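Participant: Numbering (our numbering) for the sequence shown: 36 to 564.
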Amino acid sequence: MTDSVDGSPSTEPVYRDERLRLFSFATAEKRADYLRVLDAFDRARAAYVVLLHADDVAAWIDAAEKPAAGSEASSELTRLTAAEIGPLLDQLHRWGVLERSYDGSRAATLAEYRNRHFVYQFAQAGFQAYRAVAGVLEARLDDVALPRLVLPELLADLEALAEANRGADAERVYRTLRRLDIALTDMAGHAAQFYLSLGDLVRTTEITPEAFLAHKDALLAHMREFGLDLARFAPRLAAAILAVEATGLDELIERAARCDERVLLSPARRQVDWRSRWEGLRTWFVPPEDDTGTEAERLREATMSAIAAVLSLLRRVTETRKGGVSRESALRHLAAWFTAAPTADSAHALFDAVFGLGRPRHLATEHPDADIVPAIRSWWEAPPLEISRTLAETGRPPSAGAPARIHRNDAGIRRLRETQLAAQRERAAAARSLAGADVHERVLDERETEVLLRLLDSASTAWVPVSGRVGGTTGSDSGVTLTVSAHSGSTVVRTAAGMLHLNNRKLEVRQTTRASARKVATGGEGDRA
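(1) According to DSSP, is S434 helix, strand or coil?
(2) For the alpha helix (DSSP H) containing H128, list its first residue and its last residue.
(3) Below 7 Å CB to CB, which residues in the same chain sit around G283 once its five sequence neighbours on both sides are set aside?
(4) Residues in the same chain with beta-carbon distance under 7 Å from V85, minus the five sequence neighbours each way, listed in chain order, please.
(5) Determine the DSSP secondary structure at V168, reduced to helix, strand or coil.
(6) So the beta strand (DSSP E) V72 belongs to, where does it begin and stop?
(7) Is it the case that the Cβ atoms of E483 and A472 are separated by a distance below 8 Å?
(8) When you compare only the Cα positions, how much space is there between A388 and R431?
(9) Go through its chain and collect everything with a Cβ distance to P63's Cβ below 7 Å, but skip five positions before and after it.
(10) Bridge partners for M222 per DSSP, in chain order?
(11) Which term fits D192, buried or exposed, when burial requires 16 or more other beta carbons within 10 angstroms of its beta carbon?
(12) Since I believe D216 is in contact with L316 (beta carbons under 8 Å), could you give me their beta-carbon distance rounded to a whole number of angstroms?
(13) Beta strand (DSSP E) containing S468: first to last residue?
(14) At the level of alpha carbons, what is the spacing between S328 and V515?
(15) In or out: T338 buried (at least 16 other Cβ within 10 Å) or exposed?
(16) I'd like to know whether the C-beta atoms of L57 and G170 end up nearer to each other than 8 Å.
(17) Grab the span of the beta strand (DSSP E) containing E134 for me, first residue to last.
(18) With DSSP as the reference, label E543 as helix, strand or coil.
(19) If we count Cβ pairs, one from each stretch, closer than 8 Å, do we get three or more for the stretch 515 to 531 versus the stretch 278 to 297?
(20) Whose CA, out of R540, D480, A532, L469, lies closest to the CA of S495?
(21) Give me the residue from L196, L265, P322, A266 with the minimum Cα distance to T547.
(22) What distance in whole Å lies between the Cβ atoms of V478 and T530, which are believed to be in contact at a cut-off of 8 Å?
(23) In three-state terms, what does DSSP make of T496?
(24) Who are the near neighbours of P433 in its chain, counting only those whose CB is closer than 6 Å to its CB and skipping five residues on each side?
(25) For the beta strand (DSSP E) that T378 lies in, which residues bound it at each end?
(26) Roughly how many angstroms separate the alpha carbons of F386 and A160, rounded to a whole number?
(27) Tell me Q156's beta-bridge partners as DSSP assigns them.
(28) Does the Cβ of Y209 have 16 or more other Cβ atoms within 10 Å, making it buried, or fewer, making it exposed?
(29) Once the 5 residues before and after H128 are set aside, which same chain residues still bring their CB inside 8 Å of it?
(30) Label I411 either buried or exposed according to how many other C-beta atoms from any shown protein chain fall within 10 Å of its C-beta, with 16 as the threshold for buried.
(31) How many Å lie between D204 and E173 at the Cα?
(32) Determine the direct distance from the alpha carbon of V298 to that of A218, and round the result to whole angstroms.
(33) In the DSSP assignment, what are the bridge partners of A93?
(34) On the premise that I342 lies in contact with M258, defined as a C-beta separation below 8 Å, what is that separation, rounded to the nearest angstrom?
(35) Applying the 10 Å Cβ sphere with the 16-neighbour rule, what's the burial state of P270?
(36) Mapping DSSP to helix, strand and coil, what is L299?
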């Protein structure tokens with residue numbers, strides 16, 4: 036009812052107000068009764084019953100609440116009659132949650148027909164609003180995890196998508212692309228919820244040290260495994276995405292849109308939608324042209340920061356348990372002191388000492404000339420002193436005033452940003468130069484050496500086996516990929532800072548471009564990434 040001609044949600048304010056009005060039942064005075072009515076409609080919909088009269092709604096509510104008749108919760112619920120449900124249904128219809136129509140088949144006489152026997156059903160937008168509220172009520176905020184196992188599934192689906200697009204199998208392209216979109220959306224949502232819950236855990240004061248220590252090993256292991264898997268699969272997923280594009284991106288989008296069954300959307304709108312979804316998938320793993328980093332890299336950095344936060348919390352919990360003094364124990368001791376105070380005056384004195392309260396400062400102000408009014412003279416005998424307005428109103432001596440306004444140095448910020456971008460461009464140029472020739476057959480300059488060391492660091496953490504020996508690994512940075520493979524004998528990399536000796540290892544650096552993706556698709560050397 037509030038969509039534009041091409042099926043996309045309208046952004047007009049009046050349409051947004053209509054959609055937001057759908058949630059009025061969640062904040063109304065009788066919100067509990069509204070939820071009981073809508074729950075009855077949802078249960079009826081699950082049983083393939085769409086149209087309900089007020090009597091039918093009452094019967095569905097009674098059937099749902101009958102098994103819990105002896106429970107403590109059911110004693111708080113009063114039975115809703117059809118006469119009471121009627122106004123609730125009319126109000127839900129006015130909000131747009133339910134649709135209403137006449138039901139002449141229920142009228143036995145002309146008077147009953149004129150009595151407006153209405154039947155109700157969920158409106159499409161109303162059902163979405165109800166499911167949103169029900170999802171919040173049913174959500175388990177502690178049921179969070181990092182989707183580590185979805186990464187190999189994404190890689191397998193990308194390889195299947197390239198094969199399907201190469202074979203012009205439109206239905207398989209649509210199914211695989213839709214599965215990829217759902218899996219990536221689910222991974223992003225779960226990761227965001229996990230880090231949000233982890234932030235609450237680090238900041239909260241409700242969790243006990245025993246509960247945290249019981250789960251800290253599993254939490255740290257879970258985050259470390261996810262970070263390692265993300266570093267290991269990110270280059271392979273980037274190469275797989277480029278391999279899919281090498282088979283024809285326009286044909287891929289056209290085939291997916293052709294099999295899309297959303298008939299209310301025009302073919303052009305469907306193609307725009309699927310192209311935007313593919314661009315979203317691409318930005319997760321393929322570095323952009325401006326070398327700003329991918330979403331996968333930012334997610335890995337967030338994982339490392341979360342591990343550091345958990346370790347910091349672990350250190351604080353351990354120090355608290357070791358010292359035997361915490362905020363809880365200190366407050367308990369303070370409460371015991373207040374309880375043991377012999378008199379009310381002692382309790383007041385203890386309160387003043389603990390919370391730093393005392394007499395106003397201006398009462399202890401001395402006369403500027405101690406010879407005229409000595410400090411030992413009684414207040415009753417000494418003349419009054421002039422004090423500042425600030426001291427009289429706030430108890431604080433006057434200060435020099437608020438600090439001056441800080442002026443933004445926009446020119447300096449721009450210079451720093453230009454310097455940062457120039458450094459990124461130099462690093463990208465050094466990476467391209469490094470991938471331009473064999474690293475073992477020339478002398479690397481300082482910039483190339485810095486990029487090579489960053490690649491070696493990334494490759495060394497990309498694959499940590501439980502047992503056995505590592506045959507080879509990869510690492511990517513600044514748009515290039517380093518492949519470390521087994522080699523008979525030792526190799527040497529000559530740099531401006533000296534020579535790097537590698538035992539039974541050989542290095543190969545290549546650009547992460549569409550050309551390398553075509554090698555992956557055709558079975559060339561790129562399959563090692």
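Glycine residues also receive a C-beta, built at the ideal position from the N, C-alpha and C atoms. Computed from a predicted structure; not experimentally measured.
Facilitator: With the structure as the only source:
(1) In the three-state scheme derived from DSSP, where H, G and I count as helix and E and B as strand, S434 is classed as coil.
(2) Where H128 is concerned, the enclosing alpha helix (DSSP H) stretches over 117 to 130.
(3) Taken in chain order, the residues that qualify are N200.
(4) Same-chain partners within the cutoff: Q156.
(5) Residue state, collapsed to three classes: helix.
(6) For V72, there is no enclosing beta strand (DSSP E); the residue is part of the alpha helix (DSSP H) that begins and ends at 66 to 81.
(7) No, these two residues do not count as a Cβ contact at 8 Å.
(8) Take the alpha-carbon of A388 and the one of R431: they are about 19 Å apart.
(9) Looking at the sequence itself, residue 63 is Ala, so the reference to Pro does not match. Only residues of its own chain outside the window of five on either side were considered, and among them Y69 have a CB closer than 7 Å to the CB of A63, listed in chain order.
(10) The beta-bridge partner set that DSSP reports for M222 is empty.
(11) With 16 or more Cβ atoms within 10 Å of its Cβ, D192 is classed as buried.
(12) That pair is a contact at about 7 Å.
(13) Premise fails: S468 lies in the alpha helix (DSSP H), 445 to 470, not in any beta strand (DSSP E).
(14) According to the sequence shown, residue 328 is Gly rather than Ser. Those two C-alpha atoms are separated by around 13 Å.
(15) Burial call: buried.
(16) For L57 and G170, no; Cβs fall outside 8 Å.
(17) Start and end: 133 to 137.
(18) Annotated three-state conformation of E543 is strand, per DSSP.
(19) These segments do not touch.
(20) With distances taken between CA atoms, S495 lies nearest to R540 out of R540, D480, A532, L469.
(21) It is P322.
(22) About 7 Å; that satisfies the 8 Å criterion.
(23) DSSP places T496 outside both helix and strand once states are collapsed to three, so it counts as coil.
(24) Answer for P433: S423, T425, listed in chain order.
(25) For T378, no beta strand (DSSP E) run applies, since DSSP gives it neither H nor E.
(26) Here the alpha carbon of F386 sits roughly 58 Å from the alpha carbon of A160.
(27) Answer by DSSP bridge pairing, in chain order: E134.
(28) Residue environment analysis places Y209 among the buried positions, since at least 16 neighbouring C-beta atoms fall within 10 angstroms of its C-beta.
(29) Apart from the 5 residues on each side of it in sequence, H128 sits with its Cβ closer than 8 Å to the Cβ of E134, R135, Y155 in its chain, given in chain order.
(30) I411 should be labelled exposed.
(31) Approximately 40 Å, taken between the alpha carbons.
(32) The alpha-carbon separation between A218 and V298 amounts to approximately 24 Å.
(33) In the DSSP assignment, A93 is bridged to no other residue.
(34) Separation of the CB atoms of M258 and I342 is rounded to 5 Å, and the pair is thereby assigned contact status at 8 Å.
(35) Sixteen is the threshold: when 16 or more other Cβ atoms of the shown chains lie within 10 Å of the Cβ of P270, as they do, the residue is buried.
(36) Residue state, collapsed to three classes: coil.
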